[in-house]
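Structure first, then comments.
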Amino acid sequence: MNPYVLIILLSSLGLGTTLTFASSHWLLAWMGLEVNTLAILPLMAQHHHPRAVEATTKYFLTQATAAAMILFASTTNAWLIGEWDINNLSHPLATTVAIAALALKIGLAPVHFWMPEVLQGLDLLTGLILSTWQKLAPFALIMQLAPAIDPMLLTMLGLTSTLVGGWGGLNQTQLRKILAYSSIAHMGWMIVILQYAPQLTLLALGTYIFMTSAAFLTLKLSSTTKIGTLTMAWSKSPIMVATTALVLLSLGGLPPLTGFMPKWLILQELAKQGLPLTATVMALAALLSLYFYLRLCYAMTLTMYPNTINSITPWRTRSTQLTLPLALTTTIALGLLPITPGILLMAS
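Structure, rendered in structure tokens:
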């Protein structure tokens, strides 16, 4: 892709998200979401592969449907109550339609079906943008809407997403689909705590972005998209395989890695709010996700590909890819647990 076109598209992505962040009027927020969607479509279809075009079409249709629902919800609210302000969305019909549309935007269960299929058709860098940056604008709107939404609806969305994200990833062999289900499960954790402690939702979103970025950039560096190919990675780059296994365990939420922090604090907050049953279901759903991360770790570190050459071959060319972002995201994904007290202090 022409670098000038790429700069324009990436700038538009940033502009769309910033517009939504800065807006207090529903039409401006909707416009930001539309700019965001239209900017990523050429990036998704840039390889002209039938799968990429199919993924782009599916993504466009789901996002256009969600945008139409947001417009319908805000117009209904303006018609019935006379308010266009985001914080004044108070009619039950309008709030329900708006949260359904935003759930469709970020791929929450039970409207998650597009997410694994779309991610599977994309290259890893575009998949990274879709899994991280594209979640920010809808999440900003969900956080502003949260006080007006029925708490039971948010809890059900969160629980369904963590369970679907755990179950869906169990039978997958494609890494991009596994990461899509991982994304759905993490979104569920963020939504379930949103009404009780929004600062924990932001913390979970931040750690999720760093851990997912580390996972995607590692797969990009090793050009891996299937579990079978992972088994050959250890002979190419043993150190990277070791750190990748830790990143995956961090995604699963194991201590003493960064991923444990948001899960620990969310479960603690749910218990404080008198919701032990919700906390128990969330913890059990996390075990489902942990299983497929452990499966990836096992494939990478404890299995050997039948034809692997065990020596480091002298004719293998060195990678020219930039590794600094991978190093930074991996460090953050592995080492932030000790600063939990500081984060709690800032959040309180």
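Start counting the sequence shown at 1; every next residue gets the next number (the UniProt record's numbering). All C-beta atoms, glycine included, are put in the ideal place defined by N, C-alpha and C. The model shown is predicted, which means the values in this text are computed figures rather than measured ones.
Exercise for the section: Name the one or two DSSP bridge partners that residue 174 has. Expected result: 226
Exercise for the section: Inspect the CB distances between the region 156–164 and the region 278–297 and report whether three or more fall short of 8 Å. Expected result: yes
Problem - Secondary structure of residue 186, DSSP reduced to three states - result: helix
Exercise for the section: Would you mind giving the Cβ-Cβ distance between residue 246 and residue 334, rounded to the nearest angstrom? I have them listed as a contact below 8 Å. Expected result: 5 Å
Exercise for the section: Say whether the region 82–93 touches the region 102–112, bearing in mind that this needs 3 or more beta-carbon pairs closer than 8 Å, one atom from each stretch. Expected result: no
Exercise for the section: Mind checking who residue 85 pairs with in its DSSP beta bridge? Expected result: 25
Practice task
Kindly indicate which three-state DSSP category residue 260 falls into: helix, strand or coil?
Solution key: helix
Exercise for the section: With a 10 Å radius around its C-beta and 16 neighbouring C-beta atoms as the bar for buried, classify residue 120 as buried or exposed. Expected result: buried
Handout entry: Residues of its chain near residue 222, where Cβ-Cβ distance is below 6 Å and the 5 sequence neighbours each way are ignored
Key = 233
Handout entry: residue 345, buried or exposed, once every other Cβ within 10 Å from all chains shown has been counted against 16
Key = exposed
Handout entry: Complete runs of the alpha helix (DSSP H) confined to the region 29–104 [at least 4 residues]
Key = 50–81
Practice task
Taking residue 239 as part of the alpha helix (DSSP H), name the residues at either end of that continuous run.
Solution key: 238–252
Problem - Cβ distance (whole Å) where residue 36 is taken to contact residue 134 below 8 Å - result: 7 Å
Exercise for the section: Assign residue 176 to one of two classes, buried (16 or more other C-beta atoms within 10 Å of its C-beta) or exposed (fewer than that). Expected result: buried
Problem - Any 3 or more C-beta pairs closer than 8 Å across the region 167–174 and the region 287–301 - result: yes
Handout entry: residue 251 beta carbon near the ligand NAD (any heavy atom closer than 7 Å)
Key = As presented, the structure is devoid of all ligands, the ligand NAD included, so that no description of it is given.
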